[in-house]
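In the UniProt record's numbering, the protein residues as written are 1 to 468. Here is the structure we will look at.
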């Protein structure tokens with residue numbers, strides 16, 4: 001009498017199924033309940049599936065570790081690599097990461113001898129996090145009372161900001177109100193939260209999508225130590241602090257920069273509005289982000305011997321330029337010293353001025369061409385980015401280094417600047433800078449470093465780039 005395959009003992013079935021490839025196993029999962037129950041209940045088969053999906057090979061000679069431990073380690077690795085639904089940040093030698101719509105916040109000190117993530121269980125579902133370790137020993141978390149996900153938005157969801165002291169993982173002792181309720185517009189579900197801090201100020205940008213999928217943003221600025229709401233700005237997003245009392249944000253409906261002081265009433269409008277150079281007749285600009293590091297004045301919480309100057313640091317604007325004629329997209333990075341932006345604040349009599357690019361931009365700003373798929377990193381007076389050539393570039397905007405270089409090799413300096421900067425005459429500007437460029441168009445990435453591998457006289461040399 002013939003014996004059906006599924007009549008075999010489970011131990012034999014597991015042994016047979018373990019020899020199947022990924023496609024066959026997944027087909028079995030989808031077509032047969034008995035096989036699915038066996039696969040779901042077998043740690044060996046679960047590991048086999050996960051290993052094939054991750055394109056890894058099992059090492060049978062690894063130290064004494066069982067299949068269950070291997071499966072757990074592989075799942076942890078996959079969770080770490082999947083950053084699509086994560087928020088993460090680095091401050092004061094502390095790296096923090098959290099999965100959106102979960103309650104667990106994880107962090108690790110980069111000075112730790114063991115690479116073990118610490119955990120903090122939170123009383124709500126994480127929507128964003130930010131750190132100010134060196135400045136205030138501060139963790140800011142935006143939480144919701146229910147996970148948002150893709151389900152319909154529930155009108156009873158409560159949103160709040162919580163302020164923790166990182167060293168103790170308890171409510172920050174300097175926060176008069178360590179929990180602040182976040183007001184939400186109507187019944188629309190927030191799509192994105194962004195947090196930024198500077199001194200005692202905390203800015204929260206909330207982005208909504210309406211029925212036509214058009215984004216609308218709102219910026220709320222709090223004094224997190226005193227607990228009061230200082231500003232509520234509609235159609236305002238991508239906010240950065242120029243000082244503890246001045247913010248710069250993008251106005252969504254006009255693609256302009258607006259500068260606001262905390263002491264002025266919101267109804268009076270921004271202190272000054274800054275327009276960009278108009279694009280070509282067939283093109284448009286889109287400001288995608290504004291960033292600056294460090295984020296505020298360092299304090300006694302920091303243990304570092306020195307820090308980049310907050311007042312002398314730069315602000316980077318990431319701007320996409322679309323051409324309808326060529327159906328093309330170009331990415332530009334606009335770099336402006338923080339101090340120069342603050343000097344644009346008008347007197348009380350001139351409040352509300354709108355400045356054209358030619359009135360404010362060329363003397364103080366510089367445009368850099370960037371690869372559209374990369375993300376620039378600004379820190380102090382340095383900006384690291386992938387140029388349009390595909391090579392890693394590091395721009396140094398320190399004025400003293402630039403003046404010193406002018407006295408040494410002016411021709412080489414001009415050539416490097418032309419290669420990295422924008423050739424568009426409409427946006428040409430005069431801020432001086434130096435550029436260091438990787439020797440090759442390609443680089444290798446290992447788990448520890450990004451390494452440039454040029455060949456010199458049949459020998460390999462390695463440039464390891466550390467940014468910030």
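Ideal Cβ placement from N, Cα and C applies to all residues, glycine included. Since the model is a prediction, treat every value here as computed from it, not as a measurement.
{"Asked": "Can you give me the Cβ contacts of residue 290 inside the same chain, cut-off strictly under 6 Å, excluding the 5 residues immediately before and after it?", "Found": "238, 240 and 317"}
{"Asked": "If you draw a straight line from the C-alpha of residue 245 to the C-alpha of residue 221, how long is it?", "Found": "10 Å"}
{"Asked": "Please identify the residue among 102, 119, 189 and 94 whose C-alpha is closest to the C-alpha of residue 112.", "Found": "94"}
{"Asked": "Do you know whose CA, among 242, 195 and 228, lies nearest residue 219's CA?", "Found": "195"}
{"Asked": "Check the C-beta distance from residue 381 over to residue 313 and give it rounded, since I have them as a contact under 8 Å.", "Found": "6 Å"}
{"Asked": "Label residue 343 either buried or exposed according to how many other C-beta atoms from any shown protein chain fall within 10 Å of its C-beta, with 16 as the threshold for buried.", "Found": "exposed"}
{"Asked": "Would residue 79 be called buried (16 or more neighbouring beta carbons within 10 Å of its own) or exposed?", "Found": "Low confidence applies to residue 79: its pLDDT is 49, below 50, so where it sits in the model is not reliable enough to give any reading."}
{"Asked": "Span of the alpha helix (DSSP H) holding residue 38?", "Found": "33 to 41"}
{"Asked": "Starting from the Cα of residue 274, find the closest Cα among 352, 369 and 311 and give me that residue.", "Found": "352"}
{"Asked": "Look at residue 356 and residue 272 and say whether their C-beta atoms are less than 8 Å apart.", "Found": "no"}
{"Asked": "Using 10 angstroms around the beta-carbon of residue 11, count the other beta-carbons present and answer buried if the total reaches 16, otherwise exposed.", "Found": "exposed"}
{"Asked": "Taking residue 104 as the reference, give the member of 110, 127 and 223 with the closest Cα.", "Found": "127"}
{"Asked": "Between the alpha carbons of residue 328 and residue 322, how many angstroms are there, rounded?", "Found": "6 Å"}
{"Asked": "Relative to the alpha-carbon of residue 350, which residue among 332, 268, 35 and 223 has its alpha-carbon at the smallest distance?", "Found": "268"}
{"Asked": "Pull up the DSSP beta-bridge partners for residue 216, would you.", "Found": "208"}
{"Asked": "Expressed to the nearest angstrom, what Euclidean distance is found between the alpha-carbon atoms of residue 383 and residue 434?", "Found": "10 Å"}
{"Asked": "Helix, strand or coil for residue 451 per DSSP?", "Found": "Residue confidence for residue 451 is low, a pLDDT of 49 falling below 50, so the modelled location carries little weight and cannot support an answer."}
{"Asked": "Return the CA-CA distance between residue 193 and residue 120, expressed in angstroms with no decimal places.", "Found": "20 Å"}
{"Asked": "With DSSP as the reference, label residue 347 as helix, strand or coil.", "Found": "coil"}
{"Asked": "Taking buried to mean at least 16 other C-beta atoms within 10 Å of its own C-beta, is residue 153 buried or exposed?", "Found": "exposed"}
{"Asked": "Select from 167, 368, 146 and 159 the residue whose C-alpha is nearest the C-alpha of residue 513.", "Found": "The first residue shown for the chain is 1 and the last is 468, placing residue 513 beyond what the model contains."}
{"Asked": "Quick one: what's got a C-beta closer than 6 Å to residue 176's C-beta in the same chain, skipping five residues either side?", "Found": "226 and 227"}
{"Asked": "Considering just the uninterrupted stretch of the beta strand (DSSP E) at residue 293, what are its terminal residues?", "Found": "Taken as a continuous stretch (DSSP letters only), residue 293 belongs to no beta strand (DSSP E), as it is neither H nor E."}
{"Asked": "Runs of 3 residues minimum, wholly inside the segment 115 to 153: which ones carry the beta strand (DSSP E) assignment?", "Found": "118 to 121, 125 to 132 and 138 to 144"}
{"Asked": "If the criterion is Cβ atoms closer than 8 Å, does the pair residue 139 and residue 164 meet it?", "Found": "yes"}
{"Asked": "Expressed to the nearest angstrom, what Euclidean distance is found between the alpha-carbon atoms of residue 402 and residue 147?", "Found": "50 Å"}
{"Asked": "Measure the Cβ-Cβ separation of residue 287 and residue 255 and say whether it is below 8 Å.", "Found": "yes"}
{"Asked": "Using DSSP with H/G/I as helix, E/B as strand and the rest coil, what is residue 423?", "Found": "At residue 423 the pLDDT is 45, less than 50, meaning the model places this residue with poor confidence; the figure from the coordinates comes in the next sentence. Residue 423: coil per DSSP, three-state reduction."}
{"Asked": "Nearest-angstrom Cα distance between residue 295 and residue 156?", "Found": "34 Å"}
{"Asked": "Measuring only the C-alpha atoms, how far is residue 40 from residue 17?", "Found": "12 Å"}
{"Asked": "Please classify residue 370 as buried or exposed, where buried requires at least 16 neighbouring CB atoms within 10 angstroms.", "Found": "buried"}
{"Asked": "Determine the burial state of residue 366: buried for a count of at least 16 other Cβ atoms within 10 Å of its Cβ, exposed for fewer.", "Found": "buried"}
{"Asked": "Per DSSP, which one or two residues make a beta bridge with residue 250?", "Found": "237 and 257"}
{"Asked": "For residue 47, count the other beta carbons within 10 Å of its own beta carbon; 16 or more makes it buried, fewer makes it exposed. Which is it?", "Found": "buried"}
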